[in-house]
Amino acid sequence: MRRLIVCLFTLVATFVLAGAALAQDIDDWDFSLWDVANGRELSIEAAVPDLAKAEFVYVGEVHDEYATHLAQLAVIRALREAGHEVVVGLEMFERRDQETLDRWLAGKLPEREFIEAFRRNWGRLWPQYRDIFLYCRENGVPMAGLNVPRSVTRKVASQGFESLTEEERGMLPPIACDVSPAYAEFLHRITGAHGHGEAEFQKFCEAQLVWDTAMAVHALDDMKEYPGAIMVVLAGSVHAWKAAMPAQMRKQDPDVTQRIILPQEKGRLDKDAVTTADCDYLMLNL
Numbered sequence: 019m020r021r022l023i024v025c026l027f028t029l030v031a032t033f034v035l036a037g038a039a040l041a042q043d044i045d046d047w048d049f050s051l052w053d054v055a056n057g058r059e060l061s062i063e064a065a066v067p068d069l070a071k072a073e074f075v076y077v078g079e080v081h082d083e084y085a086t087h088l089a090q091l092a093v094i095r096a097l098r099e100a101g102h103e104v105v106v107g108l109e110m111f112e113r114r115d116q117e118t119l120d121r122w123l124a125g126k127l128p129e130r131e132f133i134e135a136f137r138r139n140w141g142r143l144w145p146q147y148r149d150i151f152l153y154c155r156e157n158g159v160p161m162a163g164l165n166v167p168r169s170v171t172r173k174v175a176s177q178g179f180e181s182l183t184e185e186e187r188g189m190l191p192p193i194a195c196d197v198s199p200a201y202a203e204f205l206h207r208i209t210g211a212h213g214h215g216e217a218e219f220q221k222f223c224e225a226q227l228v229w230d231t232a233m234a235v236h237a238l239d240d241m242k243e244y245p246g247a248i249m250v251v252l253a254g255s256v257h258a259w260k261a262a263m264p265a266q267m268r269k270q271d272p273d274v275t276q277r278i279i280l281p282q283e284k285g286r287l288d289k290d291a292v293t294t295a296d297c298d299y300l301m302l303n304l
């Protein structure tokens, strides 16, 4: 029993110290953005007035790179500290599991139980995201699950959109799956993926399009509950590029206002190889 108590005390102390370290990390971190349109480096605070003009601010990530998640949290904090209401949209939570997410935010679900829900949605990456989820719970920031069941996108990737049953299509919002040449070229350019041939690549594109479009529809629907707020969308970079989820959102609502922030990638997405067709800002100093 004594050993159990000591272990539990150590675990709690570790979490408390980790939270304190996080606050210090963000405050001390020399995080900045590259303003693509104007070719200049900005602090996140200096970028906030422009970001706040948007209804949706996408902050792309590399799922297993903690620095990109620290940048996401920095954007959320900066917008809130400037007095803006923020909602966080999540690729890493399925829409059908929103009730679990709401219970976590309300403080009605212990962390150990929420970790199991997180793993069910997104695997074993909780340590990478924990600080964001704690910050939102502690500061009353709503979070919205945007994703569709992974079983659906996996099936589309392997068998094509037409293979979905009526029940499986019912797990999606009403969407079409018409892959344009521009969308296919975008995916080929950033992923280098052609599958094992033209047919396989087509199914890959359909899966990505379903993913991007469904999350865009869900995000627009969710924001009807928060007029005047800004949704910070946390998603993998492949979804956050302007040609991906933001383009599908614009098809749903041509008047939507958006800003896109992506992680810098040396040689492919950096100050010397980026345009406003890709994003509005790059993360620097990661």
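In terms of the numbering used here, the sequence shown is residues 19 to 304. Every residue gets a Cβ at the ideal spot worked out from N, C-alpha and C, and that includes glycine. If you're wondering where the values come from, they're calculated on a predicted model, not measured in any experiment.
Residue nearest to residue i in terms of C-alpha spacing, selected from the options
i: Thr118; options: His102, Arg137, Gln226 and Leu205; result: Arg137
i: Pro281; options: Tyr299, Gly101 and Asp271; result: Tyr299
i: Trp122; options: Phe151, Glu112, Leu97 and Glu224; result: Phe151
i: Lys315; options: Lys221, Trp140 and Ala202; result: Coverage of the chain is limited to positions 19 through 304, which leaves residue 315 absent and any answer about it impossible.
i: Gly78; options: His206, Lys71, Thr183 and Met110; result: Met110
i: Glu83; options: Asp288, Ala291 and Glu283; result: Glu283
i: Ile208; options: Gly125, Lys71, Gly285 and Val93; result: Gly285
i: Glu203; options: Glu216, Leu51 and Ala85; result: Glu216
i: Phe219; options: Lys71, Ser176 and Val54; result: Ser176
i: Tyr76; options: Asn157, Ser255 and Tyr147; result: Ser255
i: Ala261; options: Leu69, Gly141, Glu243 and Leu227; result: Leu227
i: Glu186; options: Cys195, Ser169 and Gln116; result: Ser169
Beta bridge counterpart(s) of residue i as assigned by DSSP
i: Ile193; result: Paired residue(s): none; Ile193 is not in a bridge.
i: Arg58; result: Asp53
i: Arg277; result: Val75
i: Asn165; result: Glu112
i: Ile248; result: Val104
i: Met301; result: Leu51 and Pro281
i: Ala232; result: Per DSSP, none; premise fails for Ala232.
i: Gly254; result: Glu79
Inter-residue Cα distance where the pair is residue i and residue j
i: Arg277; j: Cys297; result: 8 Å
i: Met263; j: Val235; result: 10 Å
i: Gly178; j: Leu252; result: 26 Å
i: Gly246; j: Cys223; result: 34 Å
i: Thr275; j: Ile133; result: 34 Å
i: Ser198; j: Gly210; result: 17 Å
i: Ala237; j: Arg155; result: 20 Å
i: Glu18; j: Leu91; result: Here the chain has residues from 19 to 304 only, and residue 18 is not among them.
i: Gln42; j: Gly101; result: With a pLDDT of only 47 at Gln42, under 50, the local geometry of the prediction cannot be trusted, and the value read off the model is given with reservation. Approximately 22 Å, taken between the alpha carbons.
i: Ala64; j: Asp271; result: 28 Å
i: Ser181; j: Tyr201; result: 21 Å
i: Met189; j: Asp48; result: 42 Å
i: Glu184; j: Asp288; result: 43 Å
i: Thr294; j: Val80; result: 20 Å
CB of residue i within 7 Å of CB of residue j, strictly
i: Ala232; j: Pro167; result: no
i: Leu97; j: Ile248; result: yes
i: Ser85; j: Leu302; result: One point to set straight first is that residue 85 is Ala, not Ser, in the sequence displayed. Not a contact, by the Cβ cut-off of 7 Å.
i: Leu225; j: Thr171; result: Just to set this straight, residue 225 is Ala in the shown sequence, not Leu. Taking 7 Å as the Cβ cut-off, Ala225 and Thr171 qualify as a contacting pair.
i: His257; j: Asp230; result: yes
i: Ile62; j: Val250; result: no
Report yes or no: do the segment 160–177 and the segment 98–112 share at least 3 C-beta pairs separated by less than 8 Å? The way I'd put it, the segment 160–177 does touch the segment 98–112; three or more beta-carbon pairs between them come closer than 8 Å.
When you compare the segment 265–272 with the segment 58–71, are there three or more beta-carbon pairs, one atom per stretch, that lie closer than 8 Å? The answer is no - the segment 58–71 does not touch the segment 265–272, with fewer than three Cβ pairs under 8 Å.
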